[in-house]
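Step one of this worksheet: look at the structure below.
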Amino acid sequence: MSGPKTRTGIAARYLAYWGFSFPPFGPDWVQDRFFQTATAEEALARVEFAVTRGYAAVLVSGPAGVGKSWFLRWMIEQWRSPRALGIYLSALGRSREIWLEELAVQLGVTRPPGPPGRLWRVISQHILAACLSDQPCVLAVDDASLAEPSLIHILWALTQLTAKGRHPTLVLAGRWENHLLSRGHFADWIDLRIPLEPWSEEDVIGFLCCRLQNAGRKPDEVFTPEAREAIARLTGGVPRDVNRLAEWCLVAAAGANVRPVDGEFVKEVYDEFYRHLDTEWETSKSVSAAP
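So the sequence shown is residues -19 to 271, counted in the numbering used here.
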């Protein structure tokens, strides 16, 4: 298997080779690419309960790549309507001031001249007005476990806004361990923790078949049953890895003129393009831990 020459050329070739109407797998967020597993449905039901019952903060947690960001985007799309306020923002790399400015844009609030405190007052008044009108207000905050301490205080302040006994519900996504949210008084205002788990083998196979059918091909024409099982086993059901390995297999098969992809070919692709990532990660951890 040779390395890439031009990204667009390879992408066009593999789409033409398989006869796809669009790329069925990949890293980019596409709403219909979110696969509604039983775990995701249960997580959404818990969020809906927290919002309708007036809880202030929910934390969606799970390992890297399990789909926390995709779940938040999918979840917020379920809430957005003329009768509900649904906002998605990321905390990654944002200072308190930048994050508030992005929130103001999402709310349609014009930033007033003067110090940052004025912007906070305008934002809080807008959210309180939504609460007074009995309008559900859901703020989805991605990468909350990477938020700066000053931004954590803003998130806490948002949960304290109350009008007519109602307040916005923050749905935070992040990793619970080793973070400010899990320690001290910050942990006290997390009303509910919702874990997201990797997909089961059945979920992985269902996702692969669904995406291939949506792209215009029969699943068995692309991946044999053994190949689908191999993808589930080698990725451990982590959605990010499922998407990545599936697409790499399709690209490699197009270059090698292989059709359909079988279990042995999946293993070859995994060994060449994927397994070394784990090895390099373990090596880097060992080097950084050395005295």
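For every residue, glycine included, the Cβ atom is placed at its ideal position computed from N, Cα and C.
Given residue i as reference, the closest of the options once Cα atoms are compared
i: GLU201; options: VAL241, LEU225, ALA153 and PHE2; result: VAL241
i: ALA(-8); options: VAL246, GLU227 and GLY66; result: GLU227
i: ARG255; options: TRP59, ALA233, ARG239 and ASP221; result: ASP221
i: ARG208; options: VAL184, ARG197 and GLU21; result: VAL184
i: SER113; options: GLY94, PRO62 and LYS48; result: PRO62
i: LEU152; options: ALA23, HIS106 and THR204; result: ALA23
i: TRP59; options: VAL27, LEU72, SER70 and LYS198; result: VAL27
i: ASP168; options: ALA25, LEU39, THR204 and THR32; result: LEU39
i: VAL31; options: GLY145, GLU248, LEU214 and LYS247; result: GLY145
i: ALA20; options: LEU214, GLY47 and ARG33; result: GLY47
Beta carbon of residue i nearer than 9 Å to that of residue j
i: LEU80; j: ILE56; result: no
i: PHE14; j: ARG53; result: yes
i: TRP50; j: ALA195; result: no
i: THR139; j: ALA37; result: yes
i: ALA127; j: LEU135; result: yes
i: TYR250; j: ALA212; result: no
i: GLN115; j: LEU150; result: no
i: TRP179; j: PRO219; result: yes
i: ARG239; j: ALA232; result: no
Inter-residue CB distance, residue i and residue j (contact presumed, cutoff 8 Å)
i: HIS147; j: CYS111; result: 6 Å
i: LEU99; j: ARG91; result: 5 Å
i: TYR68; j: ASP122; result: 7 Å
i: GLU206; j: GLY243; result: 3 Å
i: ARG74; j: LEU131; result: 6 Å
Same chain only: Cβ atoms within 8 Å of residue i, ignoring 5 sequence neighbours per side
i: SER(-18); result: Here the model assigns SER(-18) a pLDDT of 47, short of 50, so the residue's position is not dependable and the matter cannot be decided.
i: HIS133; result: ARG76
i: GLY216; result: PRO178
i: THR204; result: PRO240, VAL241, ASP242 and GLY243
i: GLY45; result: VAL218, PRO219, ARG220 and ASP221
Chain-order list of residues whose beta-carbon lies under 6 Å from that of residue i (same chain, five-residue window excluded)
i: PRO96; result: GLU77
i: ARG224; result: none
i: PHE187; result: PHE15
i: LEU87; result: HIS106
i: LYS265; result: No answer about LYS265 holds up, because its pLDDT of 37 lies below 50 and its placement is not dependable.
Close Cβ partners of residue i (< 7 Å) along its chain, the five nearest in sequence each way excluded
i: PRO175; result: SER41 and GLY42
i: LEU108; result: LEU141 and ALA143
i: PHE253; result: TRP228
i: LEU(-5); result: PRO3
i: ALA269; result: The predicted model places ALA269 with a pLDDT of 39, which falls under 50 and marks its position as unreliable; any figure quoted below should be read in that light. Answer for ALA269: no residue qualifies.
i: GLY6; result: ASN223 and GLU227
i: THR17; result: TRP179 and ASP183
i: TYR35; result: THR149, ASP171 and LEU172
i: PHE0; result: ALA195, GLY196 and ARG197
Short CB-CB distance (under 9 Å) between residue i and chain D
i: GLU252; result: Among the chains of the structure shown, chain D does not appear; only one protein chain is present.
Beta-ladder partner(s) of residue i, from DSSP
i: ILE67; result: LEU119
i: ALA167; result: DSSP, once it has assigned bridges, lists no residue as partnering ALA167.
i: GLY154; result: SER41
i: ARG146; result: ALA143
i: VAL241; result: PHE203
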